[in-house]
Amino acid sequence: MPRIAMRLGRLALVLLCVALVSFGLMMLSPIDPVDAYLGPQVAQVSPEQRALIAERWGFDAPPAVQFGHWLRQLASGDLGWSHVYNQPVSEVIGQRFQRSIVLLASAWLVSALLGFALGVMAGAKEGSPLDKMISTYAYLTASTPAFWLAMLAVLLFSVTLGWAPTCCAGPAGVLDQDVTLTTRLHHLVLPVATLALLGIANITLHTRTRMLALMRSDIAIHAFAQGAGRFDVAWRHGLRHASLPAVTLAFASLGELFGGSILIEQVFAYPGLGQATVAAGLRSDIPLLLGIALFTALFVSIGNLVADTLYGVIDPRLTTGGS
Amino acid sequence: MFTIDQLSLQLPMYASWWKREWATCLNDVSLTFATGEVHALVGASGAGKSLLAYAMMGLLPAQARLQGQLYYQGTLLDASRQRRLRGRELALIPQSLSALDPLVRTQRQVAWAAQRAGHATESAWRASQQALDHYQLNARAQQAYAHELSGGMARRVLTAMAHVSQARLVIADEPTVGLDPHQRQRVLTALRELADQGKTVVLITHDLRHALPIADQVTILRDGKSIETAPACAFQGAGTSLSSTYSQALWRALPDNGFTVSMAQPVDKETVVA
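Going down the list, the protein sequences come from chains A and B. Take the first sequence: its position 299, counting from 1, is numbered 279 in the working numbering, and each next residue is one higher. Count along the second sequence starting at 1, add 2, and that's the number in the working numbering.
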């Protein structure tokens, strides 16, 4: 129990640091929240009125006081108002995340499972034709930029072949609640495939390296001495040993996946959290931007927390002080 | 029951990245291991003891150059027959404790060894239980991971894994390294028992003293060559019944036998220390 409490405490500390840094960055940025709030109406507002708004919002107070004010609001669950979407920030994040999580989770699952399987197969026999094929593929995709692959995918599958829709989470002109599940999935296939394709390479390469080391280790030689074949060693010992780097990478790469999803959602015009991030950034929506930064930090930290906990389950040597 | 006929082994060595040289690790070794015997292979480190074991099991790396023949029970033992007999007829107790998988509980590993030797899942579990009980590893040790075992217990687990295979030839590679006298005695007694049950035990060690009490035959290896094979009883008194000067020097260098190192016959320092 105390270990969980300590981890949660550390998580809170990380979030506080992220809040501090992102708030500082916003203070230093040339964005004027009043201008951003007024938008094109800025021409119709007199300097006195602007000063009045700034005073009302507390912008005349020193930054530390402003930060404290914001933190207090955060603690009470109020993330602020997004002027881009004209909705509370928490609602925007909630709605957008529901869309994104489907995309992220399916891409993550596909890339983790497929990447792990390919890595184990490649690493089980170094230099075999299968290994060469998988390695070449992994190196190729590992060095491919996400947005470029996404644009190629749209060009080939949506424009030329017409197999997949070119954009969005549903057909244009159809109300959100009227979109059927199959249509939704149809719109998801291409972004998920692109995102997964890029995630696979990393996990495959790391898993393969661990497998190669294992197949040369004393453990493998001992197993061969017992009459085990390569498949036996890969299945019984390999899966356990290779799952350590795979789990680390799968959970540690949540941040990268999130970053990738920003590009992918932009290219496919998929209305998820990634797209909202770009919109908030381009249109100076400070509360939304800060909210998303905090939310992303929470998301990635929880991923690391889960990986940390899973190590102990896989490798008993990492459970300190256990019975 | 196992014959090594003029075995030579060369391994590649890279002096620099373009230049490959061949290091001769075993040179024209001929040996015979008889049923029911403990046959000790004694030599300093680098003498080729472990490589001989790997050659017998067929576990050498693919680029190794091997000459000469192996015979198991009178029939030629080639690579494919080695593959079939490994873990069933031929067993190896490895030198390093890192041969145990740190992520798998003891009993499961022993059960895997049994399955690899041809047991069905159910009977493998039973056999592993029996083998571990036989080597006095209690329920707690059976459910433990490798890092939770003492050196002596881990050795006994490795022995149990060889035991459960019912192999008729057991090669034990340095099974007493790093053990206190009591644990060492336990491991050596276990090997002697295997031989008394009619199995053939090849005991690889650098320590002549520990091998002698349980060995029937002793072969001295040096720099990849077999110097001499003598019955264990030849190692007594002044060692005059030993035919090679190296064996005699080795015997006399032991603390109990005068502790003398003859200058005429330079002896590997490590052997003396051992």
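By construction, the Cβ of each residue, glycine as well, lies at the ideal position given by its N, Cα and C atoms. Just so we're clear, the structure is a prediction, and the values are computed from it rather than from any experiment.
For PRO225/A, no CB of chain B lies under 8 angstroms from its own CB, so it is not counted at the interface with that chain. In terms of Cβ geometry, ALA126/B and HIS202/A do not form a close pair [threshold 8 angstroms]. For GLY70/B, the enclosing beta strand (DSSP E) starts and ends at 67 to 74. Around the CB of THR178/B, 16 or more other CB atoms lie within 10 Å, so the residue is classed as buried. Counting only the Cα atoms, ILE282/A lies some 27 angstroms from PHE248/A. For the pair HIS63/A and ARG107/B, the Cα-to-Cα distance works out to about 58 angstroms.
Listed in chain order, the beta strand (DSSP E) runs fully inside the stretch 113 to 201 of chain B are 171 to 175, counting runs of at least 3 residues. When C-beta distances to chain A are compared with 8 angstroms, the residues of the stretch 93 to 106 of chain B below that value are ALA93, LEU94, PRO96, SER98, SER100, ALA101, LEU102, ASP103, PRO104, LEU105 and VAL106, in chain order. Restricted to the stretch 39 to 114 of chain A, the alpha helix (DSSP H) segments that are unbroken, complete and at least 4 residues in length are 43 to 55 and 69 to 104, listed in chain order. For TRP114/B, at least one C-beta of chain A is nearer than 8 angstroms to its own C-beta.
Restricting attention to alpha helix (DSSP H) runs no shorter than 4 residues, the stretch 73 to 98 of chain B encloses them at 81 to 87, ordered along the chain. A direct Cα-to-Cα measurement between PRO225/A and LEU33/B gives close to 46 angstroms. Not one beta carbon of chain A lies nearer than 8 angstroms to the beta carbon of SER152/B.
With 16 or more neighbouring CB atoms inside 10 Å of its own CB, GLY271/A falls in the buried class.
For ARG22/B, the enclosing beta strand (DSSP E) begins and ends at 21 to 35. The contact set of ARG67/B on chain A, defined by CB atoms closer than 8 angstroms, is empty, because the minimum CB distance reaches about 19 angstroms. Under DSSP, VAL134/A takes part in no beta bridge, so it has no partner. Residues of the same chain with a CB within less than 7 angstroms of the CB of LEU278/A, apart from the 5 flanking positions on each side, are LEU(-5) in chain order. The C-alpha of GLY48/A lies about 45 angstroms from the C-alpha of THR187/A. One alpha carbon belongs to ALA42/B, the other to ILE114/A, and they sit about 47 angstroms apart. Across the structure, VAL189/B and VAL172/B are spaced so that their CA atoms are roughly 13 angstroms apart. Contact between the stretch 245 to 263 of chain A and the stretch 288 to 298 of chain A is absent, with fewer than three C-beta pairs closer than 8 angstroms. For CYS(-3)/A, the number of other beta carbons within 10 angstroms of its own is below 16, and it is reported as exposed.
The distance from the Cβ of LEU196/B to that of VAL204/B is about 11 angstroms, inconsistent with a contact at the 8 angstroms cut-off. Between the alpha carbons of ARG(-17)/A and VAL227/A lies a distance of about 21 angstroms.
Annotation for PHE4/B: the continuous beta strand (DSSP E) segment containing it runs 4 to 18.
Considering only beta carbons, the part of the stretch 196 to 225 of chain A lying closer than 8 angstroms to chain B consists of SER197, ASP198, ILE199, ILE201, HIS202, ALA203, PHE204, ALA205, GLN206, GLY207, ALA208, ASP212, ARG216, HIS217, ARG220 and HIS221, in chain order.
For VAL172/A, the enclosing alpha helix (DSSP H) has its first and last residue at 161 to 195. Taking a 10 Å sphere around the C-beta of VAL258/A, we find fewer than 16 other C-beta atoms and assign the residue as exposed. If you look at ARG216/A, you'll find it isn't in any alpha helix (DSSP H); DSSP assigns it neither H nor E. For the set PRO296/A, ILE266/A, THR121/A and VAL286/A, the Cα lying nearest the Cα of LEU59/A is the one of ILE266/A.
A distance below 8 angstroms separates the beta carbons of VAL40/B and ARG194/B. Within the same chain, and ignoring the five residues on either side of ASN259/B in sequence, the residues whose Cβ sits closer than 7 angstroms to its Cβ are TRP253.
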